[in-house]
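Peer 1:
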Amino acid sequence: MYAEKHGLLMMNYATGCIFEYDAAHPIGSGIGFKEEDIPNFAGSYYSKTKAMVEELLKEFDNVCTLRVRMPISSDLSNPRNFITKISRYNKVVNIPNSMTVLDELLPISVEMAKRNCRGIWNFTNPGVVSHNEILEMYKSYIDPNFEWMNFTLEEQAKVIVAARSNNEMDASKLKNQFPELLSIKDSLIKYVFEPNKKSFTG
1 MYAEKHGLLM
11 MNYATGCIFE
21 YDAAHPIGSG
31 IGFKEEDIPN
41 FAGSYYSKTK
51 AMVEELLKEF
61 DNVCTLRVRM
71 PISSDLSNPR
81 NFITKISRYN
91 KVVNIPNSMT
101 VLDELLPISV
111 EMAKRNCRGI
121 WNFTNPGVVS
131 HNEILEMYKS
141 YIDPNFEWMN
151 FTLEEQAKVI
161 VAARSNNEMD
171 ASKLKNQFPE
181 LLSIKDSLIK
191 YVFEPNKKSF
201 TG
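Residues in the sequence shown are numbered consecutively from 1, following the UniProt record's numbering.
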């Protein structure tokens with residue numbers, strides 16, 4: 001590898017969509033998947049290949065792998081933004097997930113490079129947030145007339161091409177290194193919804 005040969009740190013922005021809730025990590029339990037856990041989700045080509053790459057990169061000691069999940073930014077006009085995506089869906093599933101608020105975490109990744117952090121890191125804000133909770137914030141801060149509907153995982157499976165990962169990641173390793181890191185709900189409010197808040201008076 002070029003970076004290893006020249007003594008450089010390689011930052012790998014990877015994914016946490018290689019896990020799904022299971023008996024040891026039930027929904028709502030607060031028990032998240034840790035960095036050393038073995039991936040248990042291969043429901044899509046994307047997840048399967050990402051898990052393979054992560055495993056291969058373990059062989060290099062100059063790599064810092066950051067497991068991003070459902071990236072969110074304050075740019076609500078970006079069609080790749082998770083909030084923008086779900087606000088345009090006809091129906092959404094209502095499952096709590098770990099997520100990554102880019103406005104807060106991307107600067108942290110730069111600091112991690114400066115600190116020469118290596119190995120695998122769950123690169124998410126602590127805690128989980130559901131689709132409904134995000135859309136409730138969207139309605140409160142952005143569009144008071146916004147409405148949405150839910151459907152089940154079984155109903156969703158009939159209209160999507162590949163299965164979707166749902167999980168909680170344990171962000172304690174990152175939080176210990178960066179104690180100022182906000183919980184997912186607090187980060188959403190500070191970095192996404194407050195800056196985009198609309199005034200509905202008058």
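Cβ atoms here follow ideal geometry from the backbone N, Cα and C, with glycine treated the same way.
Roughly how many whole angstroms lie between the Cα atoms of G28 and Y46?
Peer 2: Numbered from 1 along the sequence shown, position 28 holds the residue referred to as residue 28. Numbered from 1 along the sequence shown, position 46 holds the residue referred to as residue 46. Straight-line measurement puts the Cα of Y46 at about 26 Å from the Cα of G28.
Peer 1: Out of curiosity, what's the CA-to-CA distance linking R67 and Y21?
Peer 2: As a first step, residue 67 must be located in the sequence shown, where it is residue number 67. As a first step, residue 21 must be located in the sequence shown, where it is residue number 21. Each residue's Cα considered, the two are about 16 Å apart.
Peer 1: Going by DSSP, what residue range makes up the alpha helix (DSSP H) through A163?
Peer 2: Along the sequence shown, read from residue 1 onward, the residue named residue 163 stands at position 163. Looking at the DSSP string, A163 is not in any alpha helix (DSSP H), and its letter there is neither H nor E.
Peer 1: As a quick exercise: from R118, D143 and L102, pick the residue whose alpha carbon is nearest that of T124.
Peer 2: Start at 1 with the first residue of the sequence shown, and residue 124 comes out as number 124. For the residues R118, D143 and L102, the minimum Cα distance to T124 belongs to L102.
Peer 1: Using the DSSP secondary-structure output, state which residues sit across from A14 in a beta bridge.
Peer 2: Sequence index remark: in the sequence shown, residue 14 carries index 14 (1-based). A14 pairs with R67.
Peer 1: Please classify D37: does DSSP put it in a helix, a strand, or coil?
Peer 2: For the purposes of this step, residue 37 is taken as the residue at position 37 of the sequence shown. It is coil, neither helix nor strand.
Peer 1: Between the Cα of M169 and those of L56, S187 and M70, spot the shortest distance and give me the residue it belongs to.
Peer 2: In the sequence shown, residue 169 corresponds to position 169, counting from 1. Residue M70 is the option with its Cα nearest to M169.
Peer 1: Report the rounded CA-to-CA distance for E154 versus P96, giving the unit in angstroms.
Peer 2: Stepping through the sequence shown from its first residue, residue 154 is reached at position 154. Stepping through the sequence shown from its first residue, residue 96 is reached at position 96. Straight-line Cα distance between these residues: approximately 16 Å.
Peer 1: Closest to L56 by C-alpha separation, out of L106, E194, F41 and I120, would be which residue?
Peer 2: If you number the sequence shown from 1, residue 56 lands on position 56. Nearest in C-alpha terms to L56, of all of L106, E194, F41 and I120, is I120.
Peer 1: For the alpha helix (DSSP H) that contains N132, what are its first and last residues?
Peer 2: Position 132 of the sequence shown, counted from the start, is the residue given in the question as residue 132. Taken as a continuous stretch (DSSP letters only), the alpha helix (DSSP H) holding N132 covers H131 to Y141.
Peer 1: Excluding sequence positions up to five away, which residues of its chain have a Cβ less than 7 Å from the Cβ of K190?
Peer 2: Counting from 1 along the sequence shown, the entry for residue 190 is found at position 190. Cβ neighbours of K190 within its own chain (closer than 7 Å, five residues either side excluded): L182.
Peer 1: Opposite M169 in the DSSP bridges: which residues?
Peer 2: Stepping through the sequence shown from its first residue, residue 169 is reached at position 169. Looking at the DSSP assignment, M169 forms a beta bridge with F33.
Peer 1: Please determine, among S98, L106 and N166, the residue with the shortest C-alpha to C-alpha distance to V129.
Peer 2: For this step, residue 129 is matched to residue 129 along the sequence shown. Ranking the options by Cα distance to V129, first place goes to S98.
Peer 1: Using a 10 Å radius around the Cβ and a threshold of 16 neighbouring Cβ atoms, would you call L8 buried or exposed?
Peer 2: Position 8 of the sequence shown, counting from 1, holds the residue named residue 8. L8 comes out exposed.
Peer 1: How would you label A14, buried or exposed, when you count the other beta carbons within 10 angstroms and need 16 or more for buried?
Peer 2: As a position in the sequence shown, residue 14 is number 14, starting the count at 1. It is buried - the Cβ of A14 has at least 16 other Cβ atoms within 10 Å.
Peer 1: For I134 and E54, what's the separation of their Cα atoms in angstroms?
Peer 2: The residue labelled residue 134 in the question sits at position 134 within the sequence shown. The residue labelled residue 54 in the question sits at position 54 within the sequence shown. For I134 and E54, the distance between alpha carbons rounds to 29 Å.
Peer 1: For V192 versus S74, is the C-beta distance shorter than 7 Å?
Peer 2: Working through the sequence shown from its first residue, we reach residue 192 at position 192. Working through the sequence shown from its first residue, we reach residue 74 at position 74. In contact: V192 and S74 (Cβ atoms closer than 7 Å).
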